[in-house]
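Numbering (this note's numbering), first residue to last: 32 to 359.
For every residue, glycine included, the Cβ atom is placed at its ideal position computed from N, Cα and C.
As the structure is a computational prediction, the values presented were derived from the model and not from experiment.
Below is one structure, written out as structure tokens, with a few remarks after it.
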């Protein structure tokens, strides 16, 4: 039996819970046949897939090295840990959880510092006054250097942050920080504020593929099946199924429904009996039902969709196209 496709998943906390829920929604149940404490698992019904439970940072490293084919990790770690990350990994899709921003934050007492241009002025004045550069505490050294260089700021130096980065200015070990935040509450609690144009990266959990992993045909086919299920669930999430039948249903009404409510007709227009199945964005269902009844429908049924399969598989198409792209 050939080696399985390796899918790396966060090993603990909310990221693990969200990852497992994400796969479960797509009908891909993650299981641990040898017990909950095991760091290896499987996907029910997929004998050729092995789940590796790792920390988010370890997942990023494994993807960089090609030791895992696919993985779930934050874009912030990808951009920070992998130089020229586009050459090593493929960001297949954002997953809608694990949201956080990497930001530049300074003390709230710096009332005249609102923008990166203001920060540049203060950094220069600080160097001239104190004969040293301002210290910046962060775990995101590479993202920080690139961002500050893009803003032409050079009068600072990075100091290692081994603990709670947001506490560094109050502790006197730095003047400012670059850190990750979701609501900004922790920054505010430590007397810090985010620079208005100081959002370095808006990050979320991503499904990521490793370019350096072995991608022979069997692995590609397994990935295609996984991504087909995920794409079908993602497509289903965007619509509710609306069904109706009435004799007055015609192409003119259908065209109006498309324009007003963003509906799709997955099985074509109305039948000779006036039967029609529509896919409608959930937020527009009530308005569509009203529209159909106002135009002659006696009944309109609405149902949630589990999967909507299509001939195209945009997630796998992206993976396949990127794997054949010549290295730059």
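Query                                                                                                             : Result
For residue 225, the residue or residues it bridges with in DSSP                                                  : 136
Neighbourhood of residue 7 by C-beta, 7 Å cutoff - its chain only, sequence neighbours within 5 removed           : Lying before the first or after the last residue shown, residue 7 is absent from the chain, which here runs from 32 to 359.
Among 98, 161, 132 and 235, the one whose alpha carbon lies nearest that of residue 217                           : 132
Buried or exposed by the 16-neighbour rule on C-beta atoms within 10 Å, applied to residue 342                    : exposed
Outcome for residue 52 when other beta-carbon atoms lying within 10 angstroms are tallied against a minimum of 16 : exposed
Nearest-angstrom Cα separation, counted from residue 48 out to residue 115                                        : 30 Å
Beta bridge counterpart(s) of residue 72 as assigned by DSSP                                                      : 82
Length of the line joining the Cα atoms of residue 63 and residue 84                                              : 10 Å
Entirely enclosed beta strand (DSSP E) segments - the segment 238-302, minimum 3 residues                         : 271-276
Helix, strand or coil at residue 102 [DSSP, three-state]                                                          : strand
The beta strand (DSSP E) enclosing residue 188, as first and last residue numbers                                 : 187-191
Under 8 Å between C-beta atoms of residue 235 and residue 159                                                     : no
For residue 233, the residue or residues it bridges with in DSSP                                                  : 132
Proximity to residue 297 [Cα-Cα], best of 291, 308 and 304                                                        : 308
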